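Throughout the sequence shown, residue numbering follows full-length UniProt numbering, covering 1 to 416 in sequence. Here a beta-carbon is modelled for each residue, glycine too, at the ideal position from N, C-alpha and C. All figures in this text were calculated on a predicted structure; none of them were measured in a lab.
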Amino acid sequence: MQSRSLRDGSLGLLILVGIFLFGGAIFWLKGLRIGDPQFSFVIKFPDTSGLDVGSPVKFRGVAVGKVQKIVAASANVEVTVVIENPKLAIPLQSSVETTQSGLLGGTSIDIFPQANIGNDAGFDPIAQNCNAQVIVCQGKTIEGERGVNFTQTLRETTLALRKINDQGLIEKLSSTLQTVEATARSFKKLSETATRAISTFEGQASKFGDTATAIARAADQVTQTASSADDLIKVNREKLAQTLDGIAAASREARSLIASAKPLLADGKFVESLQKLSENAAETASNLRKLTGEMNNPATIAALRETLDSARATFANAQKITADLDELTGDPKFRNNIRNLVNGLSGLLSTAPSLTVPPTAANPAPDLKLPVEVAKSKSPVNSSDKHKQEKIKVNSPKPNTVIGKPSNIAPDPKNE
Numbered sequence: 001m002q003s004r005s006l007r008d009g010s011l012g013l014l015i016l017v018g019i020f021l022f023g024g025a026i027f028w029l030k031g032l033r034i035g036d037p038q039f040s041f042v043i044k045f046p047d048t049s050g051l052d053v054g055s056p057v058k059f060r061g062v063a064v065g066k067v068q069k070i071v072a073a074s075a076n077v078e079v080t081v082v083i084e085n086p087k088l089a090i091p092l093q094s095s096v097e098t099t100q101s102g103l104l105g106g107t108s109i110d111i112f113p114q115a116n117i118g119n120d121a122g123f124d125p126i127a128q129n130c131n132a133q134v135i136v137c138q139g140k141t142i143e144g145e146r147g148v149n150f151t152q153t154l155r156e157t158t159l160a161l162r163k164i165n166d167q168g169l170i171e172k173l174s175s176t177l178q179t180v181e182a183t184a185r186s187f188k189k190l191s192e193t194a195t196r197a198i199s200t201f202e203g204q205a206s207k208f209g210d211t212a213t214a215i216a217r218a219a220d221q222v223t224q225t226a227s228s229a230d231d232l233i234k235v236n237r238e239k240l241a242q243t244l245d246g247i248a249a250a251s252r253e254a255r256s257l258i259a260s261a262k263p264l265l266a267d268g269k270f271v272e273s274l275q276k277l278s279e280n281a282a283e284t285a286s287n288l289r290k291l292t293g294e295m296n297n298p299a300t301i302a303a304l305r306e307t308l309d310s311a312r313a314t315f316a317n318a319q320k321i322t323a324d325l326d327e328l329t330g331d332p333k334f335r336n337n338i339r340n341l342v343n344g345l346s347g348l349l350s351t352a353p354s355l356t357v358p359p360t361a362a363n364p365a366p367d368l369k370l371p372v373e374v375a376k377s378k379s380p381v382n383s384s385d386k387h388k389q390e391k392i393k394v395n396s397p398k399p400n401t402v403i404g405k406p407s408n409i410a411p412d413p414k415n416e
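As structure tokens, this is what we get:
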């Protein structure tokens, strides 16, 4: 009896353990965890692209949750996801898309944040005061989009192949290739023309470079000239100011002169005098023209040449005479003799009034002794000076002093 009750108790305990193990397996398969808080939110997709319940949810490439429920609607598909880490703050500005990995790989949901909110402990997605403007909170709905999908890629490839196999597209492609070929030929011709133009332009560019260099040199010279002129103006600024003042004063004087000349211009006599003066000037100009014509005459030129030759000879003779005179007057004794001669002549002329009376038998002419002879008798003659005096007598002409009887002398009234 006791063994039977033991067997019944063991059987019941085994049944209970089996029930608990079966329930735990179910919870494990569904991803449910007892005592571990989680948060969930809803993502709307245009299509799931092979997404199933239990598909992984990745945040920055790391699995952080699973797909809990998929509900299809007419406009979209609502997918409820569960995040295992209740403290994970997912930015509201994030890119959520489905991604299919490989041909046989499953589809997952990838979340890529577009904004960085930092590691702020104040963001709690399961809190009552969760900031829904910044992060994804518990039960919130966000939008997702379709990402890389092998099925969609195959579909688009099939459509592209169908379009390629279309005869119209082939014809269009053929015509396009022909157009491209013609364009290539035109481009080849254009490139050849451009090459020739470039070669011509290079020659012109070299000439233009030389011209530009010459222009640059001219500009430098102009700059130097301008700087020199500027320096000259700075140095002579005072003189320029004085010159301008002088010009202004001259203009004022010219105005006053013109104002004073107006009455003279209004006078008829003055105008007539000016006319006569202009006529005389015209006549003088005519005479000058005639004189110029005579001067251009070969006979006149020959006569002038002869006159110049005669004048040259005369000047040469005068130069010789001057040299002889310089040689004569250079002797101090000769100058003394000339001075004595002049003094003797002066004394002779001073006695000239006594010669006006004609000599008679009762009053014979006195025997006058010339002062020159007196001076010669008084001055001793050295033997050394004899040669020079003889030289003077040879070179100079002998003066002939003739005191004749005056003719036609009026009689003295006292003698009568």
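Under the three-state reduction of DSSP, which class applies to E84: helix, strand or coil? Along the sequence shown, read from residue 1 onward, the residue named residue 84 stands at position 84. The answer is coil: DSSP assigns E84 none of H, G, I, E or B.
Can you list, in chain order, the residues of its chain with a C-beta nearer than 8 Å to that of I90? Leave out the 5 residues immediately preceding and following it. By 1-based counting over the sequence shown, the position of residue 90 is 90. Contacts found: F59, I83, I111, P113, P125, I135, V136.
Out of R7, S101, Q68, I142, point me to the one whose CA is closest to I43's CA. Taking the sequence shown and counting its residues from 1, one reaches residue 43 at position 43. It is I142 whose Cα lies nearest to the Cα of I43.
Given this structure, state the Cα-to-Cα distance separating D52 from Q100, to the nearest angstrom. Here residue 52 corresponds to residue number 52 of the sequence shown, with the count starting at 1. Here residue 100 corresponds to residue number 100 of the sequence shown, with the count starting at 1. Taking the straight line joining both Cα atoms gives about 12 Å.
Apart from the five residues just before and just after Q138, which ones in its own chain have a Cβ nearer than 8 Å to its Cβ? Taking the first residue of the sequence shown as 1, we reach residue 138 at position 138. Once the five neighbours on either side are set aside, the close Cβ partners of Q138 are F39, S40, F41, P125, I126, C130.
What is the residue span of the alpha helix (DSSP H) that G144 lies within? By 1-based counting over the sequence shown, the position of residue 144 is 144. Here G144 belongs to no alpha helix (DSSP H), and DSSP marks it neither H nor E.
Please report the residue range of the beta strand (DSSP E) in which G65 lies. Mapped onto the sequence shown, residue 65 falls at position 65. Taken as a continuous stretch (DSSP letters only), the beta strand (DSSP E) holding G65 covers 62–72.
What is the rounded straight-line gap between the Cα of L11 and the Cα of I19? For the purposes of this step, residue 11 is taken as residue 11 along the sequence shown, with counting starting at 1. For the purposes of this step, residue 19 is taken as residue 19 along the sequence shown, with counting starting at 1. Between L11 and I19, the C-alpha separation is close to 12 Å.
What does DSSP give as the partner residue(s) for I43 in the beta ladder? Against the sequence shown, residue 43 aligns to sequence position 43. DSSP, once it has assigned bridges, lists V79, I142 as partnering I43.
Would you mind reading off the limits of the alpha helix (DSSP H) that contains V53? The residue you call residue 53 lines up with position 53 of the sequence shown. Here V53 belongs to no alpha helix (DSSP H), and DSSP marks it neither H nor E.
Boundaries (first-last residue) of the beta strand (DSSP E) holding I109: Sequence index remark: in the sequence shown, residue 109 carries index 109 (1-based). That run of the beta strand (DSSP E) goes 107–113.
Per DSSP, what are the beta-bridge partners of E97 in this structure? As a working note, residue 97 is residue 97 in the sequence shown. For E97, which the question treats as bridged, DSSP gives the partners D110, E145.
Would you kindly report the start and end of the unbroken alpha helix (DSSP H) that includes F334? Position 334 of the sequence shown, counted from the start, is the residue given in the question as residue 334. Note, F334: alpha helix (DSSP H), 332–350.
For D231, which three-state DSSP category applies? The residue given as residue 231 occupies position 231 in the sequence shown. D231 falls in the helix class under three-state DSSP.
Measure the alpha-carbon distance for A248 versus Q242 and round it to whole angstroms. The count along the sequence shown starts at 1 and reaches residue 248 at position 248. The count along the sequence shown starts at 1 and reaches residue 242 at position 242. Roughly 10 Å separates the two Cα atoms.
Expected contact under 8 Å - CB spacing of T107 and V79 to nearest Å: For the purposes of this step, residue 107 is taken as the residue at position 107 of the sequence shown. For the purposes of this step, residue 79 is taken as the residue at position 79 of the sequence shown. Approximately 11 Å separates the beta-carbon atoms of T107 and V79; this is outside 8 Å, ruling out the contact.
Going by DSSP, which residues form a beta bridge with K58? As a position in the sequence shown, residue 58 is number 58, starting the count at 1. Answer is A63, D110.
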